[in-house]
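Visitor: These protein sequence lines are chains A and B, in that order. The numbering used here applies: residue 1 is where the first sequence begins, and numbers increase by one. The numbering used here applies: residue 1 is where the second sequence begins, and numbers increase by one. Note that CB positions come from ideal geometry on N, CA and C, so glycine has one too.
Protein chains: 2
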Amino acid sequence: MAVHDAMDVLSGKWKIYIISSICHYNKRRFSDILDDVVGISNKMLSKELKELEVNKLIKRTVLDTQPVTVQYELTEHGLTLKTIVENLTDWGIAHRKEIIGAQNSG
Amino acid sequence: MAVHDAMDVLSGKWKIYIISSICHYNKRRFSDILDDVVGISNKMLSKELKELEVNKLIKRTVLDTQPVTVQYELTEHGLTLKTIVENLTDWGIAHRKEIIGAQNSG
DNA sequence: CAGTATCCCTGTCGATACTG
DNA sequence: CAGTATCGACAGGGATACTG
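1) Ends of the alpha helix (DSSP H) at B:V62?
2) Nearest to A:K15 by alpha carbon, out of A:Y25, A:A102 and A:I58?
3) Does DSSP classify A:K97 as helix, strand or coil?
4) Run down chain A in chain order and give the residues with a C-beta less than 8 Å from the C-beta of B:N55.
5) What does DSSP give as the partner residues of A:E51 in its beta bridges?
6) Terminal residues of the continuous alpha helix (DSSP H) containing A:L81?
7) Name the residues in the region 72-90 of chain A whose C-beta lies less than 8 Å from a C-beta of chain B; which are they?
8) Which residue comes first and which comes last in the alpha helix (DSSP H) that contains B:V70?
9) Per the contact definition of three or more C-beta pairs closer than 8 Å, is the region 18-29 of chain A in contact with the region 77-92 of chain A?
10) Go to A:K27, then tell me how far its beta strand (DSSP E) extends in each direction, as first and last residue.
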């Protein structure tokens, strides 16, 4: 099954949300993402960020501040996901309407 | 976070694969999907199909055969997912190339 | 064939505490 | 701030057996 290649990288409870967060802000720090993605723990965020980095979807930059801050952004390759996430978002909104509409009329 | 609406419906280990299977064949029977989606159990398939049906993404039709067969197909609304799944598939293939290419050249 | 019910193992993940 | 390490709960889900 062909979707498998994509699912390998994107499955997991939080990946899409993390990508969506970084996508939206272009650059985003660890604690900011922690804040964006409601419910995620630092452990999970750390783990999933690492996986996304291994897959070259995001780039991690340590900034020389005091204390250290770390910035995440999509790589050029990661940016190719932007459309998909946007489509997904739009679809979700449309879906919500569909379901709510069905409840009202039926 | 806006993707949430979509993720609510599509998250889960198997949903995308199931949709992809039905999508590909237009109409598909329980045991055929069981066969398409490598690794899924009948319990999981049954459960996830039910969730997809509740969300009006698929339609379930019991055929009057002996023994009974059941056919699943995307609803009109479910068909709006087709593009997304296709994009996801294409992205996955491109991603695979990207990663393999990076290994060769780096 | 198309499911449902049960039993039980496993990995996921949250909470907490700690480091540089 | 940005993580890492550890512990334990708990649900996800596999195997199997059963029904109509």
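Guide: Well, looking at it:
1) Per DSSP, B:V62 belongs to no alpha helix (DSSP H); it is in the beta strand (DSSP E), I58 to L63.
2) A:I58
3) helix
4) H95 and I99
5) DSSP output for A:E51 lists no bridge partner at all.
6) Counting along the chain, A:L81 falls outside any alpha helix (DSSP H), and DSSP gives it neither H nor E.
7) H77, T80, L81, T83, I84, V85, N87, L88 and T89
8) No alpha helix (DSSP H) holds B:V70; the beta strand (DSSP E) holding it covers T69 to L74.
9) yes
10) K27 to R29
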